[in-house]
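All remarks here apply to the structure that follows.
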Amino acid sequence: MARSVDPPHIVNIEDLRKAARRRLPRVVFDYIDGGADAEITLRENCRAFESVIFRPRSAVATPACDTRTTVLGTPVSFPLLLGPVGSSRMFYPRGEEAAARAAGEAGTVYTLSTLSGCLLEDVRTASTGALWYQVYLVGGRDIASATIERAKKVGYSALVVTIDTAVAGFRERDVRNGTKELLTRRLGPMFPHVWQFLARPGWLAGFLADGGLMKFPNVVLPEGPMLYADVATALEQSTVTWRDLRWIRDLWQGPIVVKGVHIGDDARRAIDEGADAIVVSNHGGRQLDGVSATLRALPEVVAATNGQVEVLMDGGVRRGGDIAKALCLGARAVLIGRAYAYGLGAGGGPGVSRALQILRTDFIRAMKLLGCGAVSELDGTYVEAPADWHVPTPRQLSSHIS
Ligand SMILES: Cc1cc2nc3c(=O)[nH]c(=O)nc-3n(C[C@H](O)[C@H](O)[C@H](O)COP(=O)(O)O)c2cc1C
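Counting from 932, one number per residue, gives the positions in the sequence shown under our numbering.
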């Protein structure tokens, strides 16, 4: 039976997280929820939002609060996009299609991961909204270029090139939960860990009815679609470098978004190699643990890009107020990962829609309480960041693309 994702059951993203934990096997929930190593960066991403304080204008009426904006020329109903989340089909049957559909219905962009469990053509058919395609070079350039060609053909409008995954991050939870053993699909190694699936019969029935797929259908190797079990090795063998970025620039005429920038120097390099937008991202604390929270890194990158490209950020967005803070510090929009992945795990497409509804309603309320009537008016004067963050003055920040 589908569980309710409505209030009073589900009021915020943390409620969706708890609901996902109740529905998913531990190994799947921890794959979404966990981070690398000691999970310092995972926690810091969220904590950084708590360190930024609002400075509202009171006694301002904003009856028609305009949350619309554009990202790379694409109109979005509010400044939030769905970032790439691999293996979403593990969270819910046809997960990527359900998430893309919900994003389209909410008037925003869905980004499909290379490590999707659904065919990119099926995801295109499922959604009426704009779609971006995230690129890893797993399997090599020839495999990637064939997939990029398919994405182009069916109308994905931008490529997101992730540059922070030289190797897969070390996720301790995955080791404890027996991810590697479960991926062998051999009874002996799997046996000590299968209880996790048996403890979630509803999820298991859905997973098996959906084909129990453990392959990436968009990464088509000569021997067939890449297996889940092969992804870590494939990532390590296909580190995306600046040279690859230039190759992708020659291959793809549409917009390119470089995801995984932490510092101003890399932002400038990305622009030199042809990026049209940058995502300040540490992969949600899943790669190098100990890097700065992305909100803290954002102003340096915004200053370094000097208005030449749009700057997006992701990491730790759990409330509408977080979106407002990121925009005040110079982001054009935010991407979310876990916030919608929890919704998908909790209740499929309706769970994703609920996550988006929560964040949008929250964001509008935050804007009204700030006394700010339009997204374009949010700037550094509405927030105070800790003194040791290198935040440019509001005047510098307002020079970013408007
Ligand atoms: C379960 C999961 C899978 C992810 N898979 C990918 C991926 O395939 N490609 C990618 O570029 N980023 C991936 N990410 C990172 C997200 O795109 C995003 O950077 C991150 O989730 C943002 O942090 P947040 O989860 O706190 O919103 C993944 C994140 C999660 C939680």
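The beta carbon of each residue, even a glycine, is placed where N, CA and C say it ideally should be. As the structure is a prediction and not an experimental result, all values here were calculated from the model.
Just checking my contact of valine 936 with leucine 947 at CB under 8 Å: how many whole Å lie between their CB atoms? 7 Å
I need the straight-line Cα distance from glutamine 1218 to leucine 1114, nearest angstrom please. 21 Å
What's the gap between the Cα of glutamate 1112 and the Cα of aspartate 964? Between glutamate 1112 and aspartate 964, the C-alpha separation is close to 20 Å.
Give me whichever residues DSSP pairs with leucine 1090 in a beta bridge. Tyr1064, Ile1187
Is leucine 1046 near ligand 1, going by C-beta to nearest heavy atom under 7 Å? At least one heavy atom of ligand 1 lies less than 7 Å from the C-beta of leucine 1046.
Exposed unless 16 or more other CB atoms sit within 10 angstroms - verdict on aspartate 1181: exposed
Which runs of the beta strand (DSSP E) fall wholly inside the segment 1221 to 1276 and span at least 3 residues, in chain order? 1241 to 1245, 1264 to 1267
According to DSSP, aspartate 1340 sits in a beta bridge with which residue or residues? Within the shown structure, residues of the chain are numbered from 932 to 1333, placing residue 1340 beyond reach of any answer.
Going by C-alpha to C-alpha distance, which of Pro1006, Thr993, Ile1179 sits closest to arginine 1072? Ile1179
How is proline 1317 classed by DSSP in three states: helix, strand or coil? Looking at proline 1317 - three-state DSSP - the assignment turns out to be coil, as it is neither helix nor strand.
I think arginine 934 touches arginine 954, with their Cβ atoms under 8 Å apart; what is that distance to the nearest whole Å? 7 Å
Taking the C-alpha atoms as reference points, what is the distance between arginine 1116 and threonine 1164? The straight-line gap from Cα to Cα measures roughly 18 Å.
N-terminal and C-terminal residue of the beta strand (DSSP E) that phenylalanine 1147 is part of: 1146 to 1152
Between which two residues does the alpha helix (DSSP H) containing proline 1006 stretch? Where proline 1006 is concerned, there is no enclosing alpha helix (DSSP H), although the beta strand (DSSP E) it sits in stretches over 1005 to 1007.
Nearest to valine 1211 by CA position, among Arg1200, Leu1129, Thr1225, is which residue? Thr1225
Around the Cβ of serine 989, are there at least 16 other Cβ atoms within 10 angstroms (buried) or fewer (exposed)? Exposed: under 16 other Cβ atoms inside 10 Å.
Check whether the Cβ atoms of histidine 1214 and glycine 1238 sit closer than 8 Å, and answer yes or no. Their beta carbons are not under 8 Å apart, which means histidine 1214 does not touch glycine 1238 by this criterion.
Alanine 1208 (DSSP reduced to helix, strand or coil): strand
Quick one: residues in its chain with C-beta nearer than 6 Å to the C-beta of aspartate 997, no 5 flanking neighbours on either side, listed in chain order? Ala1305
Reduced DSSP category for glycine 1109 - H, G, I as helix; E, B as strand; rest coil: Correct three-state label for glycine 1109: coil.
Would the beta-carbon of alanine 1270 be found less than 7 Å away from any heavy atom of ligand 1? yes
According to DSSP, is arginine 985 helix, strand or coil? For the record, residue 985 in the displayed sequence is phenylalanine; it is not arginine. Residue state, collapsed to three classes: strand.
Sub-8 Å separation of alanine 1089 and glycine 1185 beta-carbons: yes
Please go through the segment 948 to 972 and give each complete alpha helix (DSSP H) segment of 4 or more residues, from N-terminal end onward. 957 to 964
Determine the extent of the alpha helix (DSSP H) in which threonine 1164 is found, giving its start and end residues. 1162 to 1167
Taking 8 Å as the cut-off, decide whether the C-beta atoms of glutamate 1167 and valine 1098 are in contact. yes
How about valine 936: is its Cβ closer than 7 Å to a heavy atom in ligand 1? no
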